[in-house]
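Worksheet: the structure to be examined is printed underneath.
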Amino acid sequence: MIEVSHQIAAVQRTVGRRTLAAGEARVVTISRSYPGPAEDLWDACTNPERIPRWFLPVTGELALGGHYQLEGNAGGTVESCDPPHSFTATWEYGGEVSWIEVRVTAEGERARLQLEHIAHVDDERWAEFGPGAVGIGWDLGFKALGDHLASGADVEPEATWVTTPDGLHFMTESNEAWYAAAVADGADPAAARAAADRTIAAYTAG
0 MIEVSHQIAA VQRTVGRRTL AAGEARVVTI SRSYPGPAED LWDACTNPER
50 IPRWFLPVTG ELALGGHYQL EGNAGGTVES CDPPHSFTAT WEYGGEVSWI
100 EVRVTAEGER ARLQLEHIAH VDDERWAEFG PGAVGIGWDL GFKALGDHLA
150 SGADVEPEAT WVTTPDGLHF MTESNEAWYA AAVADGADPA AARAAADRTI
200 AAYTAG
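Per numbering that gives the first Met the number 0, the very first residue in the sequence shown carries number 0; after that it's consecutive.
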């Protein structure tokens, strides 16, 4: 059994807003500190031969202006890149476009990964599912990255692990953490609770 509570507590989560040229956007931010140098964390997040060892197979060109595609998931274009510190990219999935901003920061003998997922989401859809709709997925990714960095080994595929008791427990606790982040951002607790309940039901269906 993994220490689910420890894994969840290791991550900082916030919910906010940002004004873009096209209008107001929702911002979901996730951050975690990992042991080891920033250069290794950067490599784990940007090396196309290493990303599949903890996340998903990726094709395309992971360079400024290049297009990438994660197998069975999002694709997009790398819009900026400042190795080994940060990159930004579009996140295109299901006919919709959002953006990710990724930063790696050295913290002594550790390094911090911060990811902001920025999306234009209408109020009705946000009210239906809240931040957990994307937050749980990022929590799973950050957890898998931590497992890979700690062992150097390939990580059990997410699609397999999430069906285990540990996986279901992890997603439930992640969902609760995103519910708390939504309330901290000013969401009505009852509405946020209902959205969180719908989100975890969608993740655990079947």
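The C-beta atom is built at its ideal place from N, Cα and C for all residues, glycine as well.
- Residue environment: residue 124 is assigned as exposed (fewer than 16 neighbouring CB atoms within 10 Å of its CB, all protein chains considered).
- When DSSP states are grouped into helix, strand and coil, residue 109 belongs to the strand group.
- The DSSP-derived three-state label of residue 139 is helix.
- When secondary structure is reduced to three states using DSSP, residue 188 falls in the helix class.
- If you ignore the 5 residues before and after residue 113, its C-beta comes within less than 6 Å of the C-beta of 30 and 102, all in its own chain and listed in chain order.
- The residue from 21, 170, 176 and 165 with its alpha-carbon nearest to that of residue 199 is 170.
- Every unbroken stretch of the beta strand (DSSP E) spanning 3 or more residues and falling wholly within the stretch 19-104 is given here in chain order: 22-34, 57-59, 66-69, 74-81 and 85-92.
- Taking the Cα positions, residue 57 is about 35 Å away from residue 192.
- Assignment of residue 154 by DSSP, reduced to helix, strand and coil, places it in the coil class.
- Residue 12 sits buried, since 16 or more C-beta atoms from the chains shown fall within 10 Å of its C-beta.
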